[in-house]
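The next block holds one structure in the form of structure tokens; read it before the comments.
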Amino acid sequence: MRTQAETYDELVKGLWRDNPVFVQLLGLCPALAVTNSAINGLAMGAATTFVLVGSSLLVSSLRNIIPKQVRITSFIIVIATFVTVADLSLQALAPAVHKELGAFVALIVVNCLILGRQEAFASRNTVRASLADAGGMSLGFSLALLSLGAIREILGSGSLFGVDLFGPLFEPWVIMILPPGGFITLGLMLAVFAHLRARRERAHKEAGDELDERWVA
Amino acid sequence: MTARTPDLVLSSAPFSRETATTPRIMLEVVAAALVVLGVACWTFGIGALLIVGAATAGAVVTEWLFSRSAVPSPLGDYSALLTGLLLGLTLPPEIPLWIAFLGGVSGIGLGKLIWGGLGQNLFNPALVGRAFLQAAFPTAITTWSNPVGPESFFRVPPGLFAAPLLRADIDAVSAATPLGLAKFEQQLTGYGDLIVGHTAGSLGETSAVVLLLCGLWLGLRRLFDWRLPVATCLAVAVCAGALHLLQPDVHPPPAFALLSGGALFAAVFMVTDPVTTPTTTRGAWIFGFGVGFLVVIIRQFGGLPEGVMYAILFMNALTPHINRFTQPRSFGA
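Chains A and B are the protein sequences, given in the same order. Numbering of the first sequence is given in my numbering, commencing with residue 1 and proceeding in unit increments. Numbering of the second sequence is given in my numbering, commencing with residue 1001 and proceeding in unit increments.
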């Protein structure tokens, strides 16, 4: 039986130490393609959260009756079901955002982050741990997409969540809302994350203390 | 250090060493670039100095920021200084200073540091900075102005002092460069203006005669492989000449192609960058011809009036392959 602390750890690891985008480099396609504004990043994060949490819940509760040989297929069917639900709901509730995201909502089904969590975690852990894991991972993914989208929207359009920040004289960085801006922003953020990790490791090594394994990835 | 002079020196070959070091070469090219900057100030006023200064500051500050702990400091080889100077000279005369500064930052940051510093970069850092600005601020970097002449030397275009992230609150009147005039209005600028540099254009590219003299000086001092600029100019002349023969009404004559736009500036200062161009003799010819060919193709058939920057960046990407395929066969092997 897992303790409270372990469940908590499953939840928070996705935020920083195992962040899906910045550390595991998973789900980069949506992370690059739909983050030209903060609202798009957030919507994609929300849709992915719904699919990941739902799939993890279902897969972990069915983990003992899914035959090993067809597990991947079963995972995909579960994921595809949730993606269809997310796709249709988004279309009904927020048609404008759905139009912005285009085919990328349907493409959540091939987001390797989701299949990866089913194979690596949900299929071999309890429902409770899997929910914590999926929640943390989705939160980390959403945060990454939101920060990418926010940076690109601020520089590329001079606004945040559609609210004008700099007035009519703003000189937009056109490149930031185009695909190259996504690559450049993500690359620079990866560099910052790697730098912070390296510095933390160095600090620990110099202090000579016993490493808390959780904080060194 | 208390090393005393030894009575007997034992060493192995080589005994004869080149006196040129990286900082020395860089400084001489910097001097040539400063001459061009002087002409730019003469043509466009004191604003040219501010723009080039901002770009240089961006480049040098970035280099310093990311190599504070390095010993000896990479600032000592003056390459960041040169990158900033060259970048500044490729910018238009009314670009806001913060954009020029950002160009220096991105040129050194994205063009050099992330590759591992001097000698490791695949693309010309100054042109990476300019390409970033071209992609980010397509309007600002194509807003040209006519030369002001010495009488309004101290009049700084108000657009320069726009606050960061903003543009100046003025209606800029954009002049057309000779290439723009030729492409969109079928109007050829006179050779006299092109040679002296009394035309609209980037700060450093206008005066053909000064660029030729700088190139001649640097070439005679053997600071670069003379084949690179010669091949580039030859290719521009030949390709433009061929097109001109086929359709004299549509394509400008070769002399115009050479003297207008950034062709000469690039041939002297960009194509000759020792890091991002081939090191072999045959490779130098191939590289130069490739650049010249692409310049003419982009200018005459592309959407933009000028294509020198993309031509060089494209050939930069091919440099490792050119180097590999033109290695001289070792004697006796």
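Note that beta-carbon positions come from the ideal geometry of N, C-alpha and C, so glycine has one too. Remember, predicted model here, so these are calculated numbers, not experimental data.
Proximity test, Cβ basis, 8 Å: residue i and chain A
{"i": "Leu-1165 (chain B)", "result": "yes"}
{"i": "Asp-1169 (chain B)", "result": "yes"}
{"i": "Phe-1137 (chain B)", "result": "yes"}
{"i": "Ala-1059 (chain B)", "result": "no"}
{"i": "Ala-1126 (chain B)", "result": "no"}
{"i": "Ala-1140 (chain B)", "result": "yes"}
{"i": "Pro-1253 (chain B)", "result": "no"}
Contact with chain B by residue i, beta-carbon distance below 8 Å
{"i": "Trp-173 (chain A)", "result": "yes"}
{"i": "Val-216 (chain A)", "result": "Unreliable positioning characterises Val-216 (chain A) in this predicted model, as indicated by a pLDDT of 49, which lies under 50. A coordinate reading is not provided."}
{"i": "Leu-169 (chain A)", "result": "yes"}
{"i": "Phe-166 (chain A)", "result": "yes"}
Whether residue i touches residue j by CB criterion (8 Å)
{"i": "Gly-75 (chain A)", "j": "Gln-118 (chain A)", "result": "It is worth fixing the name first, because residue 75 (chain A) is Phe in this sequence and not Gly. Their beta carbons are under 8 Å apart, which means Phe-75 (chain A) touches Gln-118 (chain A) by this criterion."}
{"i": "Ile-1051 (chain B)", "j": "Leu-1091 (chain B)", "result": "yes"}
{"i": "Asn-125 (chain A)", "j": "Ser-60 (chain A)", "result": "yes"}
{"i": "Pro-1364 (chain B)", "j": "Thr-1319 (chain B)", "result": "Nothing can be reported for residue 1364 (chain B): it is not among the residues displayed for chain B, which extend from 1001 to 1333."}
{"i": "Val-53 (chain A)", "j": "Ala-134 (chain A)", "result": "yes"}
{"i": "Ala-1054 (chain B)", "j": "Phe-1101 (chain B)", "result": "yes"}
{"i": "Leu-1037 (chain B)", "j": "Leu-1082 (chain B)", "result": "no"}
{"i": "Arg-1324 (chain B)", "j": "Ala-1284 (chain B)", "result": "no"}
{"i": "Leu-1087 (chain B)", "j": "Gly-1103 (chain B)", "result": "yes"}
{"i": "Glu-1094 (chain B)", "j": "Leu-1179 (chain B)", "result": "no"}
{"i": "Thr-1199 (chain B)", "j": "Pro-1147 (chain B)", "result": "yes"}
{"i": "Arg-63 (chain A)", "j": "Ser-123 (chain A)", "result": "yes"}
{"i": "Pro-1229 (chain B)", "j": "Ala-1162 (chain B)", "result": "no"}
{"i": "Leu-1294 (chain B)", "j": "Ala-1311 (chain B)", "result": "yes"}
{"i": "Val-1105 (chain B)", "j": "Ala-1080 (chain B)", "result": "no"}
{"i": "Ala-86 (chain A)", "j": "Val-51 (chain A)", "result": "yes"}
{"i": "Ser-1174 (chain B)", "j": "Trp-1217 (chain B)", "result": "no"}
{"i": "Val-1039 (chain B)", "j": "Gly-1197 (chain B)", "result": "yes"}
{"i": "Phe-141 (chain A)", "j": "Thr-84 (chain A)", "result": "no"}
{"i": "Leu-1049 (chain B)", "j": "Cys-1041 (chain B)", "result": "yes"}
{"i": "Ala-31 (chain A)", "j": "Val-21 (chain A)", "result": "yes"}
{"i": "Gly-1302 (chain B)", "j": "Phe-1265 (chain B)", "result": "no"}
{"i": "Gly-136 (chain A)", "j": "Leu-58 (chain A)", "result": "no"}
{"i": "Leu-145 (chain A)", "j": "Thr-35 (chain A)", "result": "yes"}
{"i": "Thr-1177 (chain B)", "j": "Gly-1201 (chain B)", "result": "yes"}
CB-CB length for residue i against residue j, believed under 8 Å
{"i": "Leu-26 (chain A)", "j": "Ile-79 (chain A)", "result": "Their Cβ separation, rounded to whole angstroms, is 14 Å, which puts Leu-26 (chain A) and Ile-79 (chain A) out of contact at 8 Å."}
{"i": "Gly-1290 (chain B)", "j": "Met-1315 (chain B)", "result": "5 Å"}
{"i": "Gly-1023 (chain B)", "j": "Tyr-1078 (chain B)", "result": "Sequence inspection shows Pro at residue 1023 (chain B); the Gly mentioned does not correspond to that position. About 5 Å; that satisfies the 8 Å criterion."}
{"i": "Ser-130 (chain A)", "j": "Ser-56 (chain A)", "result": "5 Å"}
{"i": "Thr-1232 (chain B)", "j": "Gly-1192 (chain B)", "result": "At roughly 24 Å, the Cβ-Cβ gap does not stay under 8 Å, so Thr-1232 (chain B) and Gly-1192 (chain B) are not in contact."}
{"i": "Gly-1111 (chain B)", "j": "Gly-1084 (chain B)", "result": "With a Cβ gap of about 11 Å, Gly-1111 (chain B) and Gly-1084 (chain B) do not count as contacting."}
{"i": "His-1251 (chain B)", "j": "Gln-1186 (chain B)", "result": "Rounded, the Cβ-Cβ distance is 11 Å, inconsistent with contact."}
{"i": "Ile-1170 (chain B)", "j": "Gly-1159 (chain B)", "result": "6 Å"}
{"i": "Leu-1304 (chain B)", "j": "Ala-1131 (chain B)", "result": "Not really, about 12 Å apart at Cβ, beyond 8 Å."}
{"i": "Cys-1239 (chain B)", "j": "Val-1296 (chain B)", "result": "4 Å"}
{"i": "Thr-1276 (chain B)", "j": "Pro-1328 (chain B)", "result": "In fact, because the Cβ distance is near 21 Å, the residues do not count as touching under 8 Å."}
{"i": "Arg-128 (chain A)", "j": "Thr-7 (chain A)", "result": "6 Å"}
{"i": "Ile-1108 (chain B)", "j": "Thr-1062 (chain B)", "result": "4 Å"}
Beta carbon proximity, residue i to chain E, threshold 8 Å
{"i": "Pro-179 (chain A)", "result": "Absence of chain E from the displayed structure is noted, the protein chains being A and B."}
Sufficient close CB pairs (3 or more, under 8 Å) joining the region 1017-1034 of chain B to the region 1212-1221 of chain B:
Look at the beta carbons and you see the region 1017-1034 of chain B touching the region 1212-1221 of chain B: at least three pairs across the two are nearer than 8 Å.
For the region 31-43 of chain A and the region 149-159 of chain A, state whether three or more C-beta atom pairs, one from each stretch, are separated by less than 8 Å.
Contact holds: three or more Cβ-Cβ distances are below 8 Å.
Curious, which full-length alpha helix (DSSP H) runs of at least 4 residues does the region 1276-1330 of chain B contain?
Listed in chain order, the complete alpha helix (DSSP H) runs (minimum 4 residues) inside the region 1276-1330 of chain B are 1281-1301 and 1308-1325.
For the region 172-182 of chain A against the region 1127-1137 of chain B, are there 3 or more C-beta pairs whose distance is under 8 Å?
Counting Cβ pairs under 8 Å, three or more are found: they touch.
Beta strand (DSSP E) segments (min. 3 residues) lying fully within the region 32-82 of chain A:
Counting only runs of 3 or more, we get nothing.
Three or more C-beta pairs closer than 8 Å, one from the region 1160-1174 of chain B and one from the region 160-172 of chain A: is that the case here?
Touching, yes, given that three or more Cβ pairs across the two stretches are closer than 8 Å.
Segments assigned alpha helix (DSSP H), at least 4 residues, entirely inside the region 1017-1056 of chain B:
Counting whole runs of 4 or more residues, the region 1017-1056 of chain B contains the alpha helix (DSSP H) stretches 1022-1044.
List in chain order: all unbroken alpha helix (DSSP H) runs of 4+ residues lying wholly within the region 121-162 of chain A.
Taking only runs of at least 4 residues, the alpha helix (DSSP H) segments lying wholly in the region 121-162 of chain A are 127-157.
Any contact of the region 1207-1218 of chain B with the region 1256-1264 of chain B, i.e. 3+ C-beta pairs under 8 Å?
Result yes; three or more Cβ-Cβ pairs closer than 8 Å.
3 or more residues per run - each beta strand (DSSP E) lying fully within the region 1222-1287 of chain B:
Restricting attention to beta strand (DSSP E) runs no shorter than 3 residues, the region 1222-1287 of chain B encloses none.
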